[in-house]
Amino acid sequence: MKNAYAPYSNYSVGAALVTEDDTVYTGVNIENASYGLTNCAERTAIFKAVSEGHTHFKAILIVNGTKEMSKPCGACRQVMSEFMGPDDIVYLTNKDNLNKEYRFTEILPLAFSDKDME
Ligand SMILES: O=c1ccn([C@H]2C[C@H](O)[C@@H](CO)O2)c(=O)[nH]1
Ligand SMILES: [Zn+2]
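Its first residue numbered 1, the sequence shown is counted upward by one per residue in our numbering.
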């Protein structure tokens, strides 16, 4: 989270995921003067992992520097659904390490997937 590049929102986010073979990848949010090009911390971690050959994650943790629990945006939930199963774990935390634990399907019920196109 200390490496977040968030000069526009001043809202720093960090993410850490664990792959099936217990490799950890971290990510931070990376903002842009053209706001829509911002990449969230979760997607940074996911894209780092996928680009190194990992496409199944058993858990992801998201942390931010406020007292409010982190909540991944809709775009990140959809990207997570590509690489996480319904029972994989999502830890949502805050600056005080409040740790709320969810199954993936709880944070994205009715996810659209490749199965919908068969
Ligand atoms: O779960 C979240 C929510 C927001 N952000 C980032 C995007 C942007 O840089 C800033 C404000 O939306 O926080 C994340 O990285 N992850
Ligand atoms: Zn997001």
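Here a beta-carbon is modelled for each residue, glycine too, at the ideal position from N, C-alpha and C.
- Query: CB of P7 to nearest heavy atom of ligand 2: below 8 angstroms?
  - Reply: Distances from the CB of P7 to the heavy atoms of ligand 2 are all 8 angstroms or more.
- Message: Here's the rule I'm using: 16 or more other beta-carbon atoms within 10 Å means buried, otherwise exposed. How should D116 be labelled?
- Response: Residue environment analysis places D116 among the exposed positions, since fewer than 16 neighbouring C-beta atoms fall within 10 angstroms of its C-beta.
- Query: Among residues of its own chain, excluding the 5 on either side of I89, which ones have a beta-carbon nearer than 8 angstroms to its beta-carbon?
  - Reply: Same-chain partners within the cutoff: K58, A59, I60, E101, Y102, R103 and F104.
- Query: In whole angstroms, what separates the C-alpha of N3 from that of T44?
  - Reply: The C-alpha of T44 is placed about 12 angstroms away from the C-alpha of N3.
- Query: How should P72 be labelled, buried or exposed, when 16 other C-beta atoms within 10 angstroms of its C-beta is the threshold for buried?
  - Reply: Within 10 angstroms of the beta-carbon of P72 lie 16 or more other beta-carbons, which makes it buried.
- Classification of T19 by the beta-carbon crowding that lies within 10 angstroms, buried from 16 upward: Here T19 is buried: its Cβ has 16 or more other Cβ atoms, across all protein chains shown, within 10 Å.
- Query: Should A15 and I62 be called a contact, given that it needs their Cβ atoms to be closer than 9 angstroms?
  - Reply: A contact, by the Cβ cut-off of 9 angstroms.
- What residues sit near ligand 2, counting only those whose C-beta is closer than 7 angstroms to one of its heavy atoms, in chain order? Proximity annotation: ligand 2 has residues C40, E42, R43, P72, C73, A75 and C76 in chain order, each selected because its CB is closer than 7 angstroms to a heavy atom of the ligand.
- Item | K71 in three-state terms, based on DSSP | Three-state DSSP puts K71 in coil, outside helix and strand.
- Query: Leaving out the 5 sequence neighbours to the left and right, which residues in its chain are closer than 7 angstroms to S9 when beta-carbon positions are compared?
  - Reply: Excluding its 5 nearest sequence neighbours in each direction, S9 has C-beta neighbours in its own chain below 7 angstroms: E31, listed in chain order.
- Task: Starting from the Cα of F83, find the closest Cα among T38, Y35, G74 and S113 and give me that residue.
- Result: When each option's Cα is compared against that of F83, the closest is S113.
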